[in-house]
Each structure stands twice: as structure tokens, then as C-alpha cells.
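Those letters in the sequence shown? Residues 661 to 862, per the working numbering, in order.
A quick write-up on the structure given underneath.
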Amino acid sequence: MEPAQDTYCEEVSAAFLNGRGHGLVMSSKDLSIVWAWREAKIPLSVVLRGLEHAFAVWQGPSAPRSISFAREHVERLFCAHREQHPSPRPPSHRSSSIDLERRRQLLIELGQRSSEERTKEALRSGYRALVGADNPADSWKAARKRILEALRAGLRPDEHARIERDARRGTEVMAPDAAMAHRARQQERCLLELFGLDELQD
Numbered sequence: 661m662e663p664a665q666d667t668y669c670e671e672v673s674a675a676f677l678n679g680r681g682h683g684l685v686m687s688s689k690d691l692s693i694v695w696a697w698r699e700a701k702i703p704l705s706v707v708l709r710g711l712e713h714a715f716a717v718w719q720g721p722s723a724p725r726s727i728s729f730a731r732e733h734v735e736r737l738f739c740a741h742r743e744q745h746p747s748p749r750p751p752s753h754r755s756s757s758i759d760l761e762r763r764r765q766l767l768i769e770l771g772q773r774s775s776e777e778r779t780k781e782a783l784r785s786g787y788r789a790l791v792g793a794d795n796p797a798d799s800w801k802a803a804r805k806r807i808l809e810a811l812r813a814g815l816r817p818d819e820h821a822r823i824e825r826d827a828r829r830g831t832e833v834m835a836p837d838a839a840m841a842h843r844a845r846q847q848e849r850c851l852l853e854l855f856g857l858d859e860l861q862d
């Protein structure tokens, strides 16, 4: 089980400051890097091991000033971690069919609960992708994609700007590929939260 979010930041901060040998608190820039790691669901153990490796090979004239020096080590170890701990196997066809029926019912309930026509239309679009589907897993992906596309198309300019701003927060200190993946996940999360569809979070 992963530690609580505040413990995650505290332990990473303590490991970095202890390794550096001085300083009492981390900078806001360094904290944003840690928050990005946490949002990307990088296990605390992986981050701490990445810091340990980074300090072990550090050859600068003085202690590193920013935790960003360990970013490549952490992300490389995280890639290895995901390869060693693949996602669980998909459920059987029977259980997938049951899940699909529950998701159909969920979309109906969300549509009945919403008072916004643009939300209702997005959910109807997703429901149509589920009706008569042969492959439960693929059909849910298609339904969710339709819903997200319809919601994006219905955004007002101010809503679009707010989602983009929130999704980009913290990505300026990440590697390009990691930043792109993080931004995409955050855009989806913010979009579903905006329309009150948290039950559809992936």
C-alpha cells in the first residue's frame, strides 16, 4: 500500500535534503517535481531508490541544488518497475460482459442525474458505442473516447483554458514524453470533474 500523499512528499524531501547534506526545506520548483511523480503514480520506493542511485553517481563539484538531477534515474527505474509489474490480466468474457452491462446502466444513471444537455448528449454518444458491442473491453474504450470527445467539443473558451492550465501544472520540470503523458491524463481528469462525471475516471 502506498503511503498517504503528505507522507510521500515528506519522505522524498527528507531523502533529498539528507543526501544533499544541507537545507531545511525544498524549493517550490522541487516540490512540483515530487508532486508530478506522485500524480504519475510512481511508487515512493522507486523514487527513493532513484534518488539513491542519482547521489551515488553524482560527480558535480558541489551537492546538487535541485532534485531535478535525479529525474532521469527515477523515470528509468519506473519504466523498469512497470515492466516487472505488468497490469493484471483482463477478466474473463463473462465477467467483462457483466461489467459492460453495469457500465451501460452507469451511463443511463449519469444521464438522468445531469441537468446539462451537453453532458446528456455526450453520455448518449457513449451509450451508443456500448449497445450491441461484441468486445466488452474495446467497446468501453470506444464509448469513453466518444464521451470525452463530445465533452471537449462542448467546452466554452474559459473552461478549455482552465483545463489546459491545470493540466500543464508541473509539467515544465518533466521530461518531454513524461510531460505529454501526464498532461493527457490530467486533461481527462479535469474534463470529467468539470462535468461531474468522476465515475468515468480511468
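Ideal Cβ positions, reconstructed from N, Cα and C, are used throughout, including at glycine.
A check of alpha carbon separations from D690 across E777, R731 and E781 identifies R731 as the nearest. Judged by their CB atoms, S785 and I768 are not nearer to each other than the 8 Å cut-off.
Membership of L815 in any alpha helix (DSSP H) is not indicated, and neither H nor E is assigned to it by DSSP.
By the Cβ criterion, the stretch 711–729 is in contact with the stretch 687–702, since at least three pairs of Cβ atoms, one from each stretch, lie closer than 8 Å.
Cβ contact annotation for A714 (same chain, cutoff 7 Å, sequence separation greater than five): F729, A730 and H733, in chain order.
Under the 8 Å Cβ criterion, the stretch 840–851 counts as touching the stretch 816–831, having at least three qualifying pairs. If you compare the alpha carbons of D818, R816, A813 and A789 with that of R804, the shortest gap goes to A789. Spanning the alpha carbons of L711 and A839 requires a straight line of approximately 20 Å. By the Cβ neighbour-count rule, E735 is buried, with 16 or more other Cβ atoms within 10 Å of its own. V707 is classed as buried because its beta carbon has at least 16 other beta carbons within 10 Å across all chains shown. According to the DSSP assignment, Q744 belongs to the alpha helix (DSSP H) that extends over R731 to Q744. Taking all protein chains shown into account, S775 has fewer than 16 neighbouring C-beta atoms within 10 Å of its C-beta and is therefore exposed. Proximity to L851 across V672, P836 and A827 peaks at A827, based on C-alpha coordinates. The residue among L854, L857 and H842 with its C-alpha nearest the C-alpha of W695 is H842.
Within the model, the alpha-carbon separation for Y668 versus E699 is close to 11 Å. The beta carbon of W718 is closer than 8 Å to those of P724 and F729 in its chain, skipping five residues each way along the sequence. In its chain, beyond the 5 residues on either side, M686 have a beta carbon closer than 6 Å to the beta carbon of S673. Per DSSP, the unbroken alpha helix (DSSP H) holding K689 starts and ends at S688 to E699. For E781, same chain residues with a beta-carbon under 7 Å away, outside a window of 5 residues either side, are A810 in chain order.
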